[in-house]
Each structure stands twice: as structure tokens, then as C-alpha cells.
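Colleague: As given, the protein sequences belong to chains A and B, one line each in that order. Residue 17 is where the first sequence starts when you use the working numbering, and the numbers rise one by one after that. Residue 2 is where the second sequence starts when you use the working numbering, and the numbers rise one by one after that. Glycine is no exception: its CB is placed at the ideal position from the N, C-alpha and C atoms.
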Amino acid sequence: MSLLEIRGVKYSIDGFMAVAGVDLSVARGELAAIIGPNGAGKTTLFNLVSGFLTPDSGAIYFKGEKITGLPPYKIVRKGICRAFQLVNIFHNMTVLQNVRMGVLADRGITANLFRDTEGLSEVNEEAERILEAMGLSPYKDQVASTVPHGFQKSLEIGIALSHKADLLLLDEPTSGMNPEETQAFMRLMEGVFGGGGVSVIIVEHDMDLVFNLARRVLVMCEGKIVADGKPEQVREDELVRRIYLGA
Amino acid sequence: MWLLAVAILACLPQVLSKFYVILLGSILIYGLFAMSFNIQFGYTGLLSFGHAGLFAAGAYAAAYVLKHMPGSGISMYVALIFALGLSLALSAVIGAVCVRLSGWVFAMVTLAFGQVIYTILYKWRDVTGGDDGLYGIAVPKLILPGGMIDLSAGNNHYYLILLVVAVSVAVMRMVVRSPFGNTIQAIRDNQTRAQFIGLNVWNYKLGSFVLSGVFAGLAGALFSPFKGIASPELANWAFSANPVIMSLIGGTGFFVGPLVGALVYRLLEHFIALYTSYWMLCFGIVLIASVLSFRSGITPYLARGAARFYEAAFGKEAPE
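1) Given a cut-off of 8 Å, decide if A/L120 and B/P180 are closer than it, judged by their beta-carbon atoms.
2) Taking just the CA atoms, how far does B/L200 sit from A/Q113?
3) Is it buried or exposed, A/A263, if we count other Cβ atoms within 10 angstroms and call 16 or more buried?
4) What are the residues of the segment 184-203 of chain B that lie near chain A, defined by any Cβ-Cβ distance shorter than 7 Å?
5) Are B/I198 and A/G174 close, meaning C-beta to C-beta below 8 Å?
6) Looking at the secondary structure, which residues open and close the alpha helix (DSSP H) in which A/K156 lies?
7) Just to confirm the assignment, what range does the alpha helix (DSSP H) spanning B/R189 have?
8) What are the start and end residues of the alpha helix (DSSP H) that includes B/V287?
9) So, is the C-beta of B/S179 closer than 8 Å to a C-beta in chain A?
10) Beta carbon of A/T133, beta carbon of B/N204: below 8 Å?
11) I need the DSSP call for A/G37, collapsed to helix, strand or coil.
12) Does any CB atom of chain B fall closer than 8 Å to the CB of A/G192?
13) Evaluate contact between the segment 135-145 of chain A and the segment 206-224 of chain B, counting only Cβ atoms and requiring at least three cross-stretch pairs below 8 Å.
14) What is the residue span of the alpha helix (DSSP H) that A/M223 lies within?
15) Does the beta-carbon distance from B/P233 to B/L122 come in below 8 Å?
16) State buried or exposed for A/D224, treating a residue as buried only when at least 16 other CB atoms are found within 10 Å of its CB.
17) What three-state label does DSSP hand B/M70 in the structure shown?
18) Can you confirm whether A/V92, when its beta carbon is compared against all beta carbons of chain B, has any partner nearer than 8 Å?
19) Within 8 Å of any Cβ in chain B, is that where the Cβ of A/A127 sits?
20) Flag this pair as touching only if the segment 213-233 of chain A and the segment 23-38 of chain A have three or more C-beta atom pairs under 8 Å; answer yes or no.
21) Does B/V94 pass the burial test, meaning 16 or more other C-beta atoms within 10 Å, or should it be called exposed?
22) Does chain B have any CB closer than 8 Å to the CB of A/N63?
23) List, from N- to C-terminal side, the alpha helix (DSSP H) runs of 4 residues or more that fit wholly inside the segment 140-219 of chain B.
24) When the Cα of B/G254 is compared with those of B/I30, B/I9, B/L13, B/A35, which residue comes out closest?
25) Can you grab the Cα-Cα spacing for the pair A/R231 / A/I125, in whole Å?
26) When burial is assigned at 16 or more other CB atoms within 10 Å of the CB, is A/N194 buried or exposed?
27) Quick one: grab the DSSP three-state call for A/K240.
28) With DSSP as the reference, please indicate the residues paired to B/N135 in a beta bridge.
29) Counting contacts by CB-CB distance shorter than 8 Å, is B/P301 in contact with chain A?
30) B/M175 CB to nearest chain A CB: under 8 Å?
31) Does any CB atom of chain B fall closer than 8 Å to the CB of A/F78?
32) Using only alpha-carbon positions, find the residue among B/A62, B/T129, B/L55, B/A11 that is nearest to B/L81.
33) Reducing DSSP to helix, strand and coil, say where B/E321 ends up.
34) My guess is that B/L163 and B/L5 are in contact by the Cβ rule of under 8 Å, so how many angstroms apart are they, rounded?
35) Could you give the distance in angstroms between the alpha-carbon of A/F201 and the alpha-carbon of A/V38?
36) Beta carbon of B/I230, beta carbon of B/Y136: below 8 Å?
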């Protein structure tokens, strides 16, 4: 059984077919990349899977369970976590507090009124570990909105990683990162992926990253998936070369 | 630091005249009211204009109990519990309707609920006394493990207020530092992100609204026995401006900000009114000036000043 199963999903915005019938299944432990020109429907597809939008038709299954129409927080609890294309963090909280918030939510202790969060050593250690992996430790006590953009982007991913998710959706994770940060991100992804069990779908414009990292590349164009295969196959695909790689 | 503040507040009645002890008592009550408000405003990002309704509910609940069981040693306990229960129930109902709304719609609907409470207090004469309110509330006696104390004697009533306010502040401090406290601040910062880490944000907003309402009710329950009257004006929307202004003066980003704001507000009001009957006008000007020049409230400036004083006086760095 595949982890994620998307069947005939369509979504239109003001008469424009943003997602025009997508069928896709992603296996457990798979690392897939979605590429495609701007407006191809990649982010909309993420929004549909994560519950930010509800499809006009079609259905989405996760671990064999239908999740179409569920609110985002329920979908997160089922094990799908996402990072956003534009930085979407808790901007008035410190870097550590941002990730710690994710850890608290993951452990289901956010309704606790009586414990001092600073004193929850396991939670704080977990958050520090994630910050360490993201290279954010030096910034941990800074207010999130004051750290450089690239680090905010890393933080965005750090929040997503604070969940023990089965499926991670990363929307252009490296946009706004410098080459070193991108390298660090790739190593991190290898680490997440190397652990096994976690599937990652990543929307990305950086072709080096896509072809180095992903084991499977999907190409979207005009709301449809037009190619799907191993990186080397997709790279050679005639249609893909014409519409996307511009060769 | 906290103990020091409570100790100072406990000693002040020894040096102040009765008049200023009463003023100080009312400052503490307003401070509790404003701090309860700031749990939803500063910490959760919900601007309610109906908070006075919950304060009034507590005030009337306490006044009603004290009027109907005068002279009993447990009446004040019953009054506090009844006030807590009523404000809990009301804020749960109002919150359940309002927390899915946001921004100005939230503000207006909470204002409407506040006015509903006001109208009920105004019209339900048999129970609430109508526009006269409930007056002539007997100052209660209190049974303590050591025996009965008379709240009308000495500064006993002030000490009861200080005790309840200090315990409430300690509880609120615990809450804002807890995982729940972190969560409501995260929701204030970015509600969308909060949903995408798996939080049902409406439940937490409701929790914050109820918590805030309960402490407002408690403040109200201290208010009516202290003043000897509960009048419908306590529920009016204009009264809801009190905690808003106090929080803004003190600074919504600081835990004790609203308490500091209450202190400044009440003292300014008192001293300006000594010199002119146009105190509202003068106060308005001071308010505009302070909001414009102290964007995040006066608390951080006072804290810095106090730290500098401490360093000068003791020659070492001040504790937090």
C-alpha cells in the first residue's frame, strides 16, 4: 500500500484549472521532487494535500485513510507536515521557541497549564538537536524575524522537522538560501531520508538539487503531471526538455 | 523579586492614610482586571470590548451572595466561588460563539455580548436592582483556620485583596510560561502556521478567552464588596475601555505591564482630578502622549530605570 494516494484531484481558482486531474502515489520512504514552470499547480497540489484547500473533485488517501476535506491540524496529526514556500514562522518568538513549539505540538502537551516550558528538558533538548542539525544553534535566542532570510527558511524547515511526520512536503526549501546553506540542507535531507520510513516530496527550482537528491522526479505543467520517473529518465524526456528545461 | 513586591504592598498600609489604602486596593483590582484582559489581548491577540461584562458578572454574583447571606463567615468564600462559576459559564458561552471570528468582527461581537449583559443587569430589577444596582453590601466577616476576622476592621479588606490578586498573578504567570501559554502566543504570532503544526487553534483561543474571563470575574468579585456597590455601568462598553487603556499604557508585551498601567492610570486620574474637573481632557492628552512616545508601554522604561537605580544603590547588577 502506498503512503499517499492522490486520485483524480482537481481544483480551480476563478475558473482557472490550477490542478487539472492529478493521480499520484508515493511509497513509504520515497524522496520525490516536483518540478515545473511557475503556475503549473505545484504549490496548489501541496495546499490540497495539506488541507489548506479542499479539492473540487477527486480524493486523497493517506495510509489508506481518506483525508480529503479534513482541516490542516487533523492532517498534521495523521503524519503529513509541510514547510512553506514563503517564510511562515512565529516571527515574534525566538528561534528556539519556534522549533520547541513544533515539538510541544508533536508530543501533544500544548494544553498543559502547569509546567514551565523552560523546565521541560526533553522537549528543549529535542528542539536544540533540530536547531543543531539545521545550523541554527548560534541564533537560538534571537527573535525569529531578526535572523537573516536564509536562516528563517531553515527555521521554516526546522519547524516541519519537529514533527515525527511520515510525509514531509517541502515547498521550494532552498529559495533564498546561499550555496552553503543549500549544501547543508541537502546533507540534512540525506539524513532525514537515510533514517528510512519518512517520505519527502519537494517542490524545487534548483535543478542540481533535484537531480542529485531525488530518486524520483515528477514534472507538472498546466495542472497535470506530464512526466514521472527516475531523474535520468526525466532529464532525457523530450516533452520535458521542451516545456521546462528549455533545451 | 515577586516576594519583594508583595512585601512592599503588604507594608504600604502602615505608612499610607486610609484614603490611599483604598486607592491602592482599587488599583490592585483594576490591575488584576487588566492583566486578565491581557491574556487574551497581549498573549493571544484577541481584542475584546466586552470584557467589562465578565467583570460585572463577577461583581454582581459576589454582591448578590453577600446581600443574601450577610454576617455569615463563609459568605465571602461563597461569593468568590459563585462569581468564578458565573464568569466561567458566561465566558465559555461567549467564547464558543466568538473565537472563530477575528479582528474587528471579534471586537464588535464581544462588545455586543457585553451590552447584552449590561441590558440584563439594567432590566432584571428583581435580581440585579436595575439602574440602582446592588448597594448596601455588608462588609463580610471571614472564617479562617485561626478564627473569625472582620474585614471592616483596619486594613483587613485590603489584605484580602492583596492575597487574592497575588495568588491570581502567580497562577497567570504559571500559565503564560506553560506549554499552553507558549501555544497561545504562537497562535497570536501566526495562526496559519499554528494549524500546520497540528493545533486546533480555536480550542486554544477558547481556553484563553475563558481563563481571561474567569480572572475578570474574580476581579469583579473583589470590586463590589470593596466598593459596597455593583452598578450596571460596570458592564457597559465604556468600562471595557479600562483594561484596554491600562494594558496599552503599561505595555501588552510585558507580563506585569497591565498592572503597571493600572497603577499609572489610577494615580494620574486621582492627581489630575485634584486640580481640575476636566481631568478626562488632561488624561486624554497624557494618554496620547504616552502611547506615541512609549510604543511598547512604559513598563520597560520603568524597569530600566529601576535597574539603574539598583545598580547605583547597591553597586551590582540588578536581578531580573
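Modeller: Based on what the coordinates show:
1) Here residue 180 of chain B corresponds to residue number 179 of the second sequence, with the count starting at 1. Here residue 120 of chain A corresponds to residue number 104 of the first sequence, with the count starting at 1. Contact flag set, yes.
2) Taking the first sequence and counting its residues from 1, the one referred to as residue 113 of chain A is at position 97. Taking the second sequence and counting its residues from 1, the one referred to as residue 200 of chain B is at position 199. Roughly 16 Å between the two C-alpha positions.
3) Reading the first sequence from its first residue, position 247 is the one you call residue 263 of chain A. At A/A263 the pLDDT is 47, less than 50, meaning the model places this residue with poor confidence; the figure from the coordinates comes in the next sentence. By the neighbour-count rule (16 or more Cβ atoms within 10 Å), A/A263 is not buried but exposed.
4) T184, Q186, A187, D190, N191, T193, R194, Q196, F197, I198, G199, L200, N201
5) Your numbering for residue 198 of chain B matches position 197 in the second sequence. Your numbering for residue 174 of chain A matches position 158 in the first sequence. No, they are not a contact pair.
6) Residue 156 of chain A sits at position 140 when you count from the first residue of the first sequence. Unbroken run through A/K156: none, as it is neither H nor E.
7) In the second sequence, counting from the first residue as 1, residue 189 of chain B sits at position 188. That run of the alpha helix (DSSP H) goes 180-190.
8) Translated into positions along the second sequence, residue 287 of chain B becomes position 286. B/V287 -> alpha helix (DSSP H) spans 280-294.
9) By one-based count along the second sequence, residue 179 of chain B stands at place 178. At least one chain A Cβ lies under 8 Å of B/S179.
10) The residue you call residue 133 of chain A lines up with position 117 of the first sequence. The residue you call residue 204 of chain B lines up with position 203 of the second sequence. No, Cβ-Cβ distance for A/T133 and B/N204 is not below 8 Å.
11) What you label residue 37 of chain A is simply residue 21 of the first sequence in a count that begins at 1. Here A/G37 sits in strand by DSSP.
12) Numbered from 1 along the first sequence, position 176 holds the residue referred to as residue 192 of chain A. So, not an interface residue.
13) no
14) In the first sequence, counting from the first residue as 1, residue 223 of chain A sits at position 207. Where A/M223 is concerned, the enclosing alpha helix (DSSP H) stretches over 223-229.
15) Stepping through the second sequence from its first residue, residue 233 of chain B is reached at position 232. Stepping through the second sequence from its first residue, residue 122 of chain B is reached at position 121. Contact: yes.
16) Start at 1 with the first residue of the first sequence, and residue 224 of chain A comes out as number 208. A/D224 is exposed by the Cβ-count criterion.
17) As a position in the second sequence, residue 70 of chain B is number 69, starting the count at 1. DSSP places B/M70 in coil when its eight states are reduced to three.
18) The count along the first sequence starts at 1 and reaches residue 92 of chain A at position 76. Yes, because at least one Cβ of chain B sits closer than 8 Å to the Cβ of A/V92.
19) By 1-based counting over the first sequence, the position of residue 127 of chain A is 111. Taking Cβ atoms only, chain B reaches closer than 8 Å to A/A127, which makes this a yes.
20) no
21) Mapped onto the second sequence, residue 94 of chain B falls at position 93. Exposed is the call here.
22) Position 47 of the first sequence, counting from 1, holds the residue named residue 63 of chain A. Not one chain B Cβ lies under 8 Å of A/N63.
23) 157-178, 180-190, 192-196
24) Locating residue 254 of chain B in the second sequence gives position 253, counting from the first residue. Of the listed residues, the one whose Cα sits closest to B/G254 is B/A35.
25) Counting from one through the first sequence, the residue named residue 231 of chain A turns up at place 215. Counting from one through the first sequence, the residue named residue 125 of chain A turns up at place 109. Approximately 36 Å, taken between the alpha carbons.
26) Residue numbering aside, residue 194 of chain A sits at position 178 when the first sequence is read from its first letter. Answer is exposed; the Cβ neighbour count stays below 16.
27) Start at 1 with the first residue of the first sequence, and residue 240 of chain A comes out as number 224. DSSP places A/K240 in strand when its eight states are reduced to three.
28) Sequence index remark: in the second sequence, residue 135 of chain B carries index 134 (1-based). With the sequence shown as reference, residue 135 of chain B is identified as Leu, and Asn is not the correct amino acid for it. Note: B/L135 sits in a beta bridge opposite B/A231.
29) Within the second sequence, residue 301 of chain B is the residue found at index 300, counting from 1. Not an interface residue.
30) In the second sequence, the residue the question calls residue 175 of chain B occupies position 174. It does; some Cβ of chain A falls within 8 Å.
31) Here residue 78 of chain A refers to the residue found at position 62 when the first sequence is read from its first residue. Answer no: the Cβ-Cβ gap between A/F78 and chain B never drops below 8 Å.
32) The count along the second sequence starts at 1 and reaches residue 81 of chain B at position 80. Measuring from the Cα of B/L81, the nearest candidate turns out to be B/A62.
33) The residue you call residue 321 of chain B lines up with position 320 of the second sequence. Confidence at B/E321 is low in this model, with a pLDDT of 44, below 50, so its placement is unreliable and the value that follows should be read with caution. In the structure shown, B/E321 sits in coil (DSSP, three-state: anything other than H, G, I, E or B).
34) The sequence position of residue 163 of chain B within the second sequence is 162, counting from 1. The sequence position of residue 5 of chain B within the second sequence is 4, counting from 1. In fact, because the Cβ distance is near 14 Å, the residues do not count as touching under 8 Å.
35) For the purposes of this step, residue 201 of chain A is identified with residue 185 of the first sequence, where counting begins at 1. For the purposes of this step, residue 38 of chain A is identified with residue 22 of the first sequence, where counting begins at 1. Spanning the two alpha carbons is a distance of roughly 29 Å.
36) Mapped onto the second sequence, residue 230 of chain B falls at position 229. Mapped onto the second sequence, residue 136 of chain B falls at position 135. A contact, by the Cβ cut-off of 8 Å.
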